[in-house]
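Structure, as structure tokens:
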Amino acid sequence: MGLICKLDYKKSKSSYSKNDSVSVVVVYYYDKRKLKIPTGISCMIKDWDDDWKTRQTKNPIKNTDELSKEKNIQIKQKLSEVNNLVFQLEKEDKVPSIDLVKSHLREMNVTKVRESLKEVHFLTLFELYEKWINSDLFPNRKSYVKTINPSIKDIKTYTLDYQLKNKVYLLPSDLTEEWVMGLIKWSYKKGLQPITIKKRVKTLVNFSNWCKDNHGTDFRIKKPSSFTPDGEREVIFLKREEVLKIFYFNDIEIGNPKHVELLTKHKCLFYIEEKFTNNREKEISRTFTTYEVYRDMLIFLCNVGCRFGDMVKMKVGDFVFDDTGIKGNRTGYFRFYMEKSRKRTEVKVKINQMTDRIFRKYSHDKNSHHYLFPRTNFGNPFSNQKFNKHTKHLGEILELNRPVKLPEFDLTGKIVERTNDIVPLHNVMVSHIGRRTFIREHIEKGTPIRTIMKMTGHSSQKVFDGYYNVLDKDIMKVNDDLFSDNLKKKYNNKENKPKKTKEVNITSPETEEQLKTLQQLNEKGVLPDEIYTEKVRQLMGL
Numbered sequence: 001m002g003l004i005c006k007l008d009y010k011k012s013k014s015s016y017s018k019n020d021s022v023s024v025v026v027v028y029y030y031d032k033r034k035l036k037i038p039t040g041i042s043c044m045i046k047d048w049d050d051d052w053k054t055r056q057t058k059n060p061i062k063n064t065d066e067l068s069k070e071k072n073i074q075i076k077q078k079l080s081e082v083n084n085l086v087f088q089l090e091k092e093d094k095v096p097s098i099d100l101v102k103s104h105l106r107e108m109n110v111t112k113v114r115e116s117l118k119e120v121h122f123l124t125l126f127e128l129y130e131k132w133i134n135s136d137l138f139p140n141r142k143s144y145v146k147t148i149n150p151s152i153k154d155i156k157t158y159t160l161d162y163q164l165k166n167k168v169y170l171l172p173s174d175l176t177e178e179w180v181m182g183l184i185k186w187s188y189k190k191g192l193q194p195i196t197i198k199k200r201v202k203t204l205v206n207f208s209n210w211c212k213d214n215h216g217t218d219f220r221i222k223k224p225s226s227f228t229p230d231g232e233r234e235v236i237f238l239k240r241e242e243v244l245k246i247f248y249f250n251d252i253e254i255g256n257p258k259h260v261e262l263l264t265k266h267k268c269l270f271y272i273e274e275k276f277t278n279n280r281e282k283e284i285s286r287t288f289t290t291y292e293v294y295r296d297m298l299i300f301l302c303n304v305g306c307r308f309g310d311m312v313k314m315k316v317g318d319f320v321f322d323d324t325g326i327k328g329n330r331t332g333y334f335r336f337y338m339e340k341s342r343k344r345t346e347v348k349v350k351i352n353q354m355t356d357r358i359f360r361k362y363s364h365d366k367n368s369h370h371y372l373f374p375r376t377n378f379g380n381p382f383s384n385q386k387f388n389k390h391t392k393h394l395g396e397i398l399e400l401n402r403p404v405k406l407p408e409f410d411l412t413g414k415i416v417e418r419t420n421d422i423v424p425l426h427n428v429m430v431s432h433i434g435r436r437t438f439i440r441e442h443i444e445k446g447t448p449i450r451t452i453m454k455m456t457g458h459s460s461q462k463v464f465d466g467y468y469n470v471l472d473k474d475i476m477k478v479n480d481d482l483f484s485d486n487l488k489k490k491y492n493n494k495e496n497k498p499k500k501t502k503e504v505n506i507t508s509p510e511t512e513e514q515l516k517t518l519q520q521l522n523e524k525g526v527l528p529d530e531i532y533t534e535k536v537r538q539l540m541g542l
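Quick note, the sequence shown lines up with residues 1 to 542 if you use full-length UniProt numbering.
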């Protein structure tokens, strides 16, 4: 066992000149093996003293080097560090082998790096975070990365402006609540909505967590308590009768001769041509109207509950057939992986009569690897922005004018003046209304919350709760029979029981609308006769 420091020659000593600079290393010997430990110091060969151990000063680097004093101190510190480590290992009855010493030195170096990162400028660390986000090491999909990059860009811009204005270089510890509030106000003045600003703050919080996990830093970034972007707003969804109205609207279909006149009138007569090769190597070409495809996409979203990005990536092979069902009655489920899920959550949603009709229409003659819905001439999916634009126009054509409110909120969660006006439903018909409609419909049916979350891929109850409101009619469904079992046991005398009567206002608009919807579903074959009869009896109180 031994410990020395020397110049680390990478080639024969004779090939160097006296003015060449060479790195200094500490070498630890044990059991015929050696470990080179870098010191971070270098000096010219002429300034190195090979006999330094025999000198009284014990300085490896001569005074001819201008920085000899500082360099000698650092070399001696490294020698002392290794010596102390070996002594500590022996004290703990451990063999100070090369591998064990190397392992302990690595741990010590990591600790030092972590400590030094506290003094690294914030933007330097933040740019490292940006590179990680955009690298293959980041576990999320590229589509999710695109949603983070705008936040990173805004944070960098604000930081540069702040540093220039205040003539400082920010350290991670300088990111106080006051600084974060400054970012929030800067973003708000820029025209960003509070819900978007919330994403900027979330990016900062995720950055601080990343620094802690990867670099051992201990600074934390918190959302200012005065920033409350989550104002209470109405969750807008499509009612059942509105979904049915869209579903049965066939005047826009290519096979309906009325489509030319109707779509020309509304200045939206456009076609989508789909071409592909089937299993028999035959070239297939089909044409749809643009609004026909967008209508079917909207209905699909309402019945599957997926995001727009998941729908346009769905392939024919993502439908899994169930062979255990009745012959001639297609059963099965759609299976896909959520694009925004870090864990690539698998979602399964059973097919129903509406999605079966859509699936048959667009999967006909296709292979399992073909995309279910048509694409652009370049093979790309239709954009969400274009879909939203045409869906709003489709709602206008269908006169979906139910009054709704979509207010904007300030940084304190209060409604911004003149943003709480009533607007027609079709003005806010975007792709995400399908996901909200799916959730609302299942709540109406009484599907357990955990089951709905499984079908929508939600892992957070808090996020899921943002997709629906508790309506007055939900409240009216409960509480009337609370403790009723106990009361029935006590008051079970028939003479004391009043006669049960139920009055139904058959001519009320709500009842008439429900009866009309049931009749329409029955005539179309969607609702079986026995279920139709039972539903009518329930409505009429029979």
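Backbone N, C-alpha and C fix where the C-beta goes; we use that ideal spot for every residue, glycine too.
For C306, the closest C-alpha among the options D529, T437 and P224 is that of T437. Counting the other CB atoms within 10 Å of its CB gives E339 a total of 16 or more, which places it among the buried residues. For the 8 Å CB-CB criterion, V430 and T376 do not form a contact. Distance from the CA of Y188 to the CA of N206, rounded to the nearest whole angstrom, comes to 21 Å. In the DSSP annotation of this structure, I272 is not part of any alpha helix (DSSP H); the continuous beta strand (DSSP E) holding it starts and ends at Y271 to T277. Secondary structure note for G434: its alpha helix (DSSP H) is the uninterrupted segment H432 to K445. Annotation: the continuous beta strand (DSSP E) that includes K350 extends over E346 to K350. Per the Cβ contact rule, the region 281–296 is in contact with the region 252–267 (3 or more Cβ pairs under 8 Å). Sequence-distant partners of E273 (beyond 5 residues in either direction) whose C-beta falls short of 6 Å from its own C-beta, in its chain, are T287.
By the neighbour-count criterion, in which 16 or more other beta carbons inside 10 Å mark a residue as buried, I4 falls on the exposed side. Of Y371, L411 and V120, the smallest CA-CA separation from G191 is found for L411. When secondary structure is reduced to three states using DSSP, Y9 falls in the coil class, being assigned neither helix nor strand. Beyond the five residues adjoining it in sequence on each side, K348 comes within less than 6 Å, by CB distance, of Y333 and R335 in the same chain, given in chain order. Residue burial annotation: I531 is exposed, with fewer than 16 other C-beta atoms found within 10 angstroms of its C-beta. DSSP places L35 in the uninterrupted beta strand (DSSP E) bounded by R33 to M44. Between the region 217–224 and the region 368–387 there are fewer than three C-beta pairs closer than 8 Å, too few to call the two in contact. With 16 or more neighbouring CB atoms inside 10 Å of its own CB, P172 falls in the buried class.
8 Å or more divides the Cβ of V25 from the Cβ of C43. Assigned with DSSP and collapsed to three states, E283 falls in strand. 8 Å or more divides the Cβ of N19 from the Cβ of K62.
Counting along the chain, the unbroken alpha helix (DSSP H) around K165 starts and ends at K142 to N166. Boundaries for V316: no alpha helix (DSSP H) harbours it, and the DSSP string shows neither H nor E there. With a cut-off of 8 Å on Cβ pairs, the region 231–251 is in contact with the region 435–451, counting three or more such pairs.
Q77 has its alpha-carbon roughly 38 Å from the corresponding atom of I133. Around the C-beta of H426, 16 or more other C-beta atoms lie within 10 Å, and the residue is accordingly described as buried. With a 10 Å radius around the Cβ and a threshold of 16 neighbouring Cβ atoms, P60 comes out buried. When DSSP states are grouped into helix, strand and coil, V235 belongs to the coil group. Pairing S226 with K414, the inter-Cα distance amounts to about 12 Å. Between F122 and D49, the gap from beta carbon to beta carbon reaches 8 Å or more. Note on the region 394–435: there is no whole alpha helix (DSSP H) run with a minimum of 4 residues. For W48, DSSP records a beta bridge to I61.
Within the DSSP bridge table, the entry for L3 names Y28 as partners. With at least 16 other beta carbons inside 10 angstroms of its own, R440 counts as buried.
Exclusion of the five residues before and after V428 leaves I236, V404 and L406 as the residues of its chain whose Cβ lies within less than 7 Å of its Cβ. Between K313 and the set Y271, K282 and N380, the nearest pair of CA atoms involves N380. Here the alpha carbon of E234 sits roughly 30 Å from the alpha carbon of Q538.
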